[in-house]
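S.K.: Before we start, here is the structure in question, set down as structure tokens.
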Amino acid sequence: MIHHRREAGGKETCRDPVKGSDKEEEPSAALPHGQVYRPSGRPARNSRPETGARSPAVPIMVNDPPVPALLWAQEVGHVLAGRARRLMLQFGVLFCTILLLLWVSVFLYGSFYYSYMPTVSHLSPVHFYYRTDCDSSTASLCSFPVANVSLTKSGRDRVLMYGQPYRVTLELELPESPVNQDLGMFLVTVSCYTRGGRIISTSSRSVMLHYRSQLLQMLDTLVFSSLLLFGFAEQKQLLEVELYSDYRENSYVPTTGAIIEVHSKRVQMYGAYLRIHAHFTGLR
Numbered sequence: 073m074i075h076h077r078r079e080a081g082g083k084e085t086c087r088d089p090v091k092g093s094d095k096e097e098e099p100s101a102a103l104p105h106g107q108v109y110r111p112s113g114r115p116a117r118n119s120r121p122e123t124g125a126r127s128p129a130v131p132i133m134v135n136d137p138p139v140p141a142l143l144w145a146q147e148v149g150h151v152l153a154g155r156a157r158r159l160m161l162q163f164g165v166l167f168c169t170i171l172l173l174l175w176v177s178v179f180l181y182g183s184f185y186y187s188y189m190p191t192v193s194h195l196s197p198v199h200f201y202y203r204t205d206c207d208s209s210t211a212s213l214c215s216f217p218v219a220n221v222s223l224t225k226s227g228r229d230r231v232l233m234y235g236q237p238y239r240v241t242l243e244l245e246l247p248e249s250p251v252n253q254d255l256g257m258f259l260v261t262v263s264c265y266t267r268g269g270r271i272i273s274t275s276s277r278s279v280m281l282h283y284r285s286q287l288l289q290m291l292d293t294l295v296f297s298s299l300l301l302f303g304f305a306e307q308k309q310l311l312e313v314e315l316y317s318d319y320r321e322n323s324y325v326p327t328t329g330a331i332i333e334v335h336s337k338r339v340q341m342y343g344a345y346l347r348i349h350a351h352f353t354g355l356r
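For the sequence shown, the numbering used here begins at 73 and goes up steadily by one.
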């Protein structure tokens, strides 16, 4: 029994320190003036430190959070960069679209113009030929000067378009020689033919040099004598003979050429040209 009591007394003595640890700790030293002791060991919030006491050091943060202005600037930069990229993309798409539309419009206009619009003006040289198997004792030719002019391009494409009115003229370059001045009026005939040489249209016009008196010719020679001597001017006249004022192509009988004949065996010419000019009406 004595042994059991000793063990019980030992247990009670072991419990006493535990109970003592649960009690409030007493202040080990006097606190500064104006401060109240608390079990946690920290002074009260409304306590004031004594005069001359040092304030506790402010802790320094190693990883400070970014400043709000910097965050705002970064956000604005991202927004502006996104808008700039979108604007550049839209501008590129718009530029490519404009180029595509321009190319398509040029292609369509060129195709329409080539297929629908006729040749505005066609100029073809006229080379006359005549017979030389007659007696050459006289100054006149053996036959009337005749020329055959083709109205096709490269032997395939036709110059004239169906339903389009044309003005057909013959330009004669004649020198002011005494023979031509004494010649007076002479006739020019054009005959249009189709495939196989069949004549489908004929027209005739009269031509003569413009009259100039001897006094006017002398004055003209004196004024332009220097140019005449050096070859910059010539004493000639360019006559324009209108063969057709409104020639229209037949879709069933296309014109492939024209035969031009000058009804004079004594005419003198430097050259001749056949000019075909289109008259545009309506959409043309």
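We put the CB at the ideal spot given by N, CA and C, even for glycine.
Since the model is a prediction, treat every value here as computed from it, not as a measurement.
1) Can you give the Cα-Cα distance for I272 and S193, rounded to whole angstroms?
2) Of all the options R157, E243, Y188, Q307, which has the alpha carbon lying nearest to the alpha carbon of P250?
3) Name the DSSP bridge partner or partners of P140?
4) Using the C-alpha atoms, what's the distance from T266 back to M233?
5) How big is the Cα-Cα spacing for V240 and F163?
6) Any idea what DSSP makes of N41, helix, strand or coil?
7) Taking only beta-carbon atoms, is P247 less than 8 angstroms away from chain C?
8) According to the neighbour-count rule (16 or more other Cβ atoms, all chains shown, within 10 Å of its Cβ), is V130 buried or exposed?
9) Is S278 buried or exposed, if buried means 16 or more other CB atoms sit within 10 Å of its CB?
10) Go ahead and pull the three-state DSSP assignment for E248.
11) Looking only at its own chain, which residues have a Cβ that is under 8 angstroms from the Cβ of G149, when we skip the five neighbours before and after it?
12) Measuring CA to CA, which of T274, R158, L173, S196 is closest to E333?
13) For A153, which residues of its own chain have a beta-carbon under 7 angstroms away from its beta-carbon, when the five flanking residues on both sides are left out?
14) So, does the segment 243-263 touch the segment 341-355, judging by three or more C-beta pairs under 8 angstroms?
15) Look up S275 in the DSSP assignment and give the residues it is bridged to.
16) So which of D292, I348, F302 has the shortest CA-CA distance to E314?
M.R.: Straight from the coordinates:
1) 22 angstroms
2) Q307
3) According to DSSP, P140 bridges with nothing at all.
4) 14 angstroms
5) 53 angstroms
6) The structure shown does not extend to residue 41, since the chain is modelled only from 73 to 356, so the question has no answer here.
7) Included in the structure is just one protein chain, with no chain C present.
8) Here the model assigns V130 a pLDDT of 48, short of 50, so the residue's position is not dependable, and the following value carries that caveat. With fewer than 16 other Cβ atoms within 10 Å, it is exposed.
9) exposed
10) coil
11) none
12) T274
13) none
14) yes
15) V262
16) I348
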